[in-house]
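Right, one structure below, let's go through it.
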Amino acid sequence: MRRQLLTTDDGASRFGDGEGAARWVAGLLAGLQGAVLSLLVVVLPAVAAYVVTSADPSNAEVPWTRSLELGTGLWLLAHGVPLAVGSDVVTLVPLGLTLLALYTCHASARRSGYPTSLALSAGVGGYVAVAVVLSLLVRASVGHVVLAASGALVVSGLGLATGLARRPEAPPLRGLTRPLWSRVPAPVRAGVPAGVLAVALVLAVASLVTVLWVLAGRATIVDVIEALDLDAVGGGVLALAELAFLPNLVVWASAWLAGPGFHVGTGTTFTTAEVVPGPIPALPVLGALPQPDMAGGPLVAAPVLLVLAGCVAGWWLHRRTVPDRARDMVVAGVTAGLAAGACAAGLVSLASGAVGPGRMAEVGASWAPVGGLVALGVALGALLVALPAEPLVRDAVRNFRRRSGGGTRPEGERRPEG
Numbered sequence: 003m004r005r006q007l008l009t010t011d012d013g014a015s016r017f018g019d020g021e022g023a024a025r026w027v028a029g030l031l032a033g034l035q036g037a038v039l040s041l042l043v044v045v046l047p048a049v050a051a052y053v054v055t056s057a058d059p060s061n062a063e064v065p066w067t068r069s070l071e072l073g074t075g076l077w078l079l080a081h082g083v084p085l086a087v088g089s090d091v092v093t094l095v096p097l098g099l100t101l102l103a104l105y106t107c108h109a110s111a112r113r114s115g116y117p118t119s120l121a122l123s124a125g126v127g128g129y130v131a132v133a134v135v136l137s138l139l140v141r142a143s144v145g146h147v148v149l150a151a152s153g154a155l156v157v158s159g160l161g162l163a164t165g166l167a168r169r170p171e172a173p174p175l176r177g178l179t180r181p182l183w184s185r186v187p188a189p190v191r192a193g194v195p196a197g198v199l200a201v202a203l204v205l206a207v208a209s210l211v212t213v214l215w216v217l218a219g220r221a222t223i224v225d226v227i228e229a230l231d232l233d234a235v236g237g238g239v240l241a242l243a244e245l246a247f248l249p250n251l252v253v254w255a256s257a258w259l260a261g262p263g264f265h266v267g268t269g270t271t272f273t274t275a276e277v278v279p280g281p282i283p284a285l286p287v288l289g290a291l292p293q294p295d296m297a298g299g300p301l302v303a304a305p306v307l308l309v310l311a312g313c314v315a316g317w318w319l320h321r322r323t324v325p326d327r328a329r330d331m332v333v334a335g336v337t338a339g340l341a342a343g344a345c346a347a348g349l350v351s352l353a354s355g356a357v358g359p360g361r362m363a364e365v366g367a368s369w370a371p372v373g374g375l376v377a378l379g380v381a382l383g384a385l386l387v388a389l390p391a392e393p394l395v396r397d398a399v400r401n402f403r404r405r406s407g408g409g410t411r412p413e414g415e416r417r418p419e420g
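Numbering-wise (the working numbering), the sequence shown opens with residue 3 and increments by one.
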């Protein structure tokens with residue numbers, strides 16, 4: 003750190019931190035840059051679509067600022083703020099845009115930020131300020147302004163913090179978290195990352211399942227695209243919109259693998275056991291949804307994947323955990339299940355919502371059954387692997403058997419008669 007020689011009003015000289023102001027300003031700029039870049043990705047296609055359709059007589063009375071409001075509303079929707087479309091309300095969060103905002107914050111902080119708490123606070127404050135100002139410009143209610151601030155706080159906090167942590171001069175992350183993390187019991191500290199690992203494995207398989215769905219439904223997808231008859235700009239805007247919701251489809255696939263499945267409109271059901279289709283919007287990506295012939299049979303056993311993911315988490319626990327007592331491994335395995343269930347429930351909750359009135363008010367999956375089954379399956383798999391592999395557990399079982407058999411009489415000794 004460079005220090006500059008400063009002179010006070012009384013003529014005394016002292017050294018001061020001349021880089022302090024530069025660091026928080028750099029942090030502020032990183033947060034603003036992350037917000038503006040992700041906003042432009044949404045607003046520019048909306049403006050382009052308006053320009054292309056401006057010659058349509060039906061759009062003669064629509065001002066160009068309406069495209070700005072729509073793009074801004076979509077950006078805020080990615081942060082959890084409901085989007086009003088006429089008299090309808092959309093609450094389904096486009097997780098693709100949320101991930102994009104996270105990435106722009108991460109990249110901005112990693113490139114030009116300083117790994118200090120002041121810089122991080124300034125960056126988060128700048129990002130939140132942008133979200134609040136935009137929500138006020140689109141005439142959001144007080145509750146929606148609070149949602150915008152809360153969502154921006156989470157997105158920018160995660161993105162900027164991970165970006166600053168990747169700076170070469172950043173202190174080790176473990177050293178920063180040790181004072182707080184060390185207060186957590188050791189089995190819990192081991193179980194939480196094991197649960198996150200299990201959820202990551204389930205999402206990886208769900209991504210593969212999504213690709214298979216797209217390949218299986220490619221004929222339907224092509225038919226929908228041809229029926230829409232969009233020009234180049236309209237097709238590009240539609241493609242970007244579908245990419246924004248593609249992570250939602252991956253989360254739905256994880257709910258499908260877990261067993262409860264998901265819905266795309268009231269009355270529809272997509273599970274491994276049955277598929278009950280119904281009228282859905284004419285969107286190409288929805289052509290990838292499972293068909294009735296993609297249910298039943300061996301697919302009913304798909305939830306076994308949760309146990310297998312738990313087995314991998316259990317092996318990770320065995321390799322990374324040195325328990326002091328036999329029951330510590332039980333606590334770690336149960337914690338892994340609870341952590342996995344909480345992560346799955348949170349993702350499902352974010353990936354579900356309403357996209358319109360009536361039957362389209364129910365899109366996505368139910369977080370409670372999905373989270374519960376994921377927690378149960380991962381905990382079961384983790385315990386099935388971690389317990390037999392732990393010497394302390396095996397010793398405890400042998401001691402229990404020895405104590406239980408202590409009351410038996412040696413062979414040949416008879417019970418006294420009478």
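The beta carbon of each residue, even a glycine, is placed where N, CA and C say it ideally should be.
Note that this is a predicted model, so its numbers are computed, not measured.
> Does the beta-carbon of residue 13 have 16 or more other beta-carbons within 10 angstroms, so that it is buried, or is it exposed?
Replying inline: Within the sequence shown, the letter at position 11 stands for residue 13. Residue placement at residue 13 is poorly supported in this model, since its pLDDT is 48, which falls under 50; the coordinates still yield a value, given next. It counts as exposed.
> Which class does residue 340 belong to by DSSP, given the choice of helix, strand or coil?
Replying inline: On the sequence shown, position 338 is the one that residue 340 refers to. Three-state DSSP puts residue 340 in a helix.
> Looking only at its own chain, which residues have a Cβ that is under 6 Å from the Cβ of residue 130, when we skip the five neighbours before and after it?
Replying inline: For this step, residue 130 is matched to residue 128 along the sequence shown. Within the same chain, residue 130 has close Cβ partners 151, 154, 155.
> DSSP beta-bridge partners for residue 315?
Replying inline: Against the sequence shown, residue 315 aligns to sequence position 313. Answer is none; residue 315 lacks a bridge partner.
> What are the residues that DSSP puts in a beta bridge with residue 365?
Replying inline: For the purposes of this step, residue 365 is taken as residue 363 along the sequence shown, with counting starting at 1. Beta-bridge pairing links residue 365 to 266, 355.
> Of the choices 125, 94, 95, 97, whose alpha-carbon is the least far from that of residue 108?
Replying inline: Position 106 of the sequence shown, counted from the first residue, corresponds to residue 108. For residue 108, the closest of 125, 94, 95, 97 by C-alpha to C-alpha distance is 125.
> How about the stretch 173-192 and the stretch 261-276: do they share at least three Cβ pairs that are nearer than 8 Å?
Replying inline: No: the two stretches stay apart, fewer than three of their Cβ pairs being nearer than 8 Å.
>> In this structure, how does DSSP classify residue 95 when only helix, strand and coil are distinguished?
In response: In the sequence shown, counting from the first residue as 1, residue 95 sits at position 93. DSSP places residue 95 in coil when its eight states are reduced to three.
> Where do the N-terminal and C-terminal ends of the beta strand (DSSP E) with residue 290 fall, by residue?
Replying inline: Taking the sequence shown and counting its residues from 1, the one referred to as residue 290 is at position 288. Careful: residue 290 lies outside any beta strand (DSSP E) and carries neither H nor E.
>> Can you find the residues in the same chain that come closer than 6 Å, C-beta to C-beta, to residue 216, ignoring five residues on each side of it along the sequence?
In response: One-based indexing of the sequence shown puts residue 216 at position 214. Result list for residue 216: 290, in chain order.
> Which residue comes first and which comes last in the beta strand (DSSP E) that contains residue 85?
Replying inline: As a position in the sequence shown, residue 85 is number 83, starting the count at 1. Residue 85 -> beta strand (DSSP E) spans 85-87.
>> Is it buried or exposed, residue 264, if we count other Cβ atoms within 10 angstroms and call 16 or more buried?
In response: Along the sequence shown, read from residue 1 onward, the residue named residue 264 stands at position 262. When all chains shown are included, residue 264 counts as buried.
>> Applying the 10 Å Cβ sphere with the 16-neighbour rule, what's the burial state of residue 179?
In response: Residue numbering aside, residue 179 sits at position 177 when the sequence shown is read from its first letter. The residue is exposed, with fewer than 16 neighbouring Cβ atoms inside 10 Å.
>> Assuming the contact rule is C-beta atoms closer than 8 Å, residue 196 and residue 375 should be a hit. Round their C-beta distance to whole Å, please.
In response: By one-based count along the sequence shown, residue 196 stands at place 194. By one-based count along the sequence shown, residue 375 stands at place 373. Taking C-beta atoms under 8 Å as the contact rule, residue 196 and residue 375 fail to qualify, at a distance of about 18 Å.
>> Rounded to the nearest angstrom, what separates residue 47 and residue 70 at their Cα positions?
In response: On the sequence shown, residue 47 is found 45 positions in, with the first residue counted as 1. On the sequence shown, residue 70 is found 68 positions in, with the first residue counted as 1. So the two alpha carbons sit approximately 10 Å from each other.
>> Could you check whether the stretch 334-341 touches the stretch 371-385, counting it as contact only if at least three pairs of C-beta atoms, one from each stretch, sit closer than 8 Å?
In response: Flag = yes, the stretch 334-341 and the stretch 371-385 touch.
> Where do the N-terminal and C-terminal ends of the alpha helix (DSSP H) with residue 140 fall, by residue?
Replying inline: Your numbering for residue 140 matches position 138 in the sequence shown. No alpha helix (DSSP H) contains residue 140, which DSSP labels as neither H nor E.
> Can residue 247 and residue 359 be called in contact, C-beta distance under 8 Å?
Replying inline: Walking along the sequence shown from the start, residue 247 turns up at place 245. Walking along the sequence shown from the start, residue 359 turns up at place 357. Result no, Cβ atoms of residue 247 and residue 359 do not sit closer than 8 Å.
>> Please determine whether the Cβ atom of residue 209 lies at a distance below 7 Å from any heavy atom of the ligand FMN.
In response: The ligand FMN is absent from the structure shown, which contains no ligand whatsoever.
>> What does the alpha-carbon distance come out to for the pair residue 365 and residue 356?
In response: Counting from 1 along the sequence shown, the entry for residue 365 is found at position 363. Counting from 1 along the sequence shown, the entry for residue 356 is found at position 354. One alpha carbon belongs to residue 365, the other to residue 356, and they sit about 6 Å apart.
> Under three-state DSSP, which class holds residue 201?
Replying inline: By one-based count along the sequence shown, residue 201 stands at place 199. Helix at residue 201.
> Is the number of C-beta pairs between the stretch 167-174 and the stretch 304-313 that are closer than 8 Å three or more?
Replying inline: Note that the stretch 167-174 does not touch the stretch 304-313; fewer than 3 beta-carbon pairs, one per stretch, sit closer than 8 Å.
> Is DSSP giving residue 90 helix, strand or coil here?
Replying inline: Looking up residue 90 in the sequence shown gives position 88. The answer is strand: DSSP assigns residue 90 an E or B state.
>> Can you list, in chain order, the residues of its chain with a C-beta nearer than 6 Å to that of residue 387? Leave out the 5 residues immediately preceding and following it.
In response: Looking up residue 387 in the sequence shown gives position 385. For residue 387, where only same-chain residues beyond five positions count, the Cβ hits under 6 Å are 313, 316, 317.
> So does the stretch 36-45 actually touch the stretch 205-216, counting three or more Cβ pairs closer than 8 Å?
Replying inline: The stretch 205-216 and the stretch 36-45 do not touch, with fewer than three beta-carbon pairs separated by less than 8 Å.
> Nearest-angstrom Cα distance between residue 401 and residue 258?
Replying inline: As a first step, residue 401 is located in the sequence shown; it is residue number 399 there, counting from the start. As a first step, residue 258 is located in the sequence shown; it is residue number 256 there, counting from the start. Distance between residue 401 and residue 258, taken at the CA atoms: about 43 Å.
> Beta carbon of residue 161, beta carbon of residue 105: below 8 Å?
Replying inline: Counting from one through the sequence shown, the residue named residue 161 turns up at place 159. Counting from one through the sequence shown, the residue named residue 105 turns up at place 103. Closer than 8 Å, so yes.
> Do you know offhand how far residue 89's Cα is from residue 65's?
Replying inline: Residue numbering aside, residue 89 sits at position 87 when the sequence shown is read from its first letter. Residue numbering aside, residue 65 sits at position 63 when the sequence shown is read from its first letter. A direct Cα-Cα distance of roughly 19 Å separates residue 89 from residue 65.
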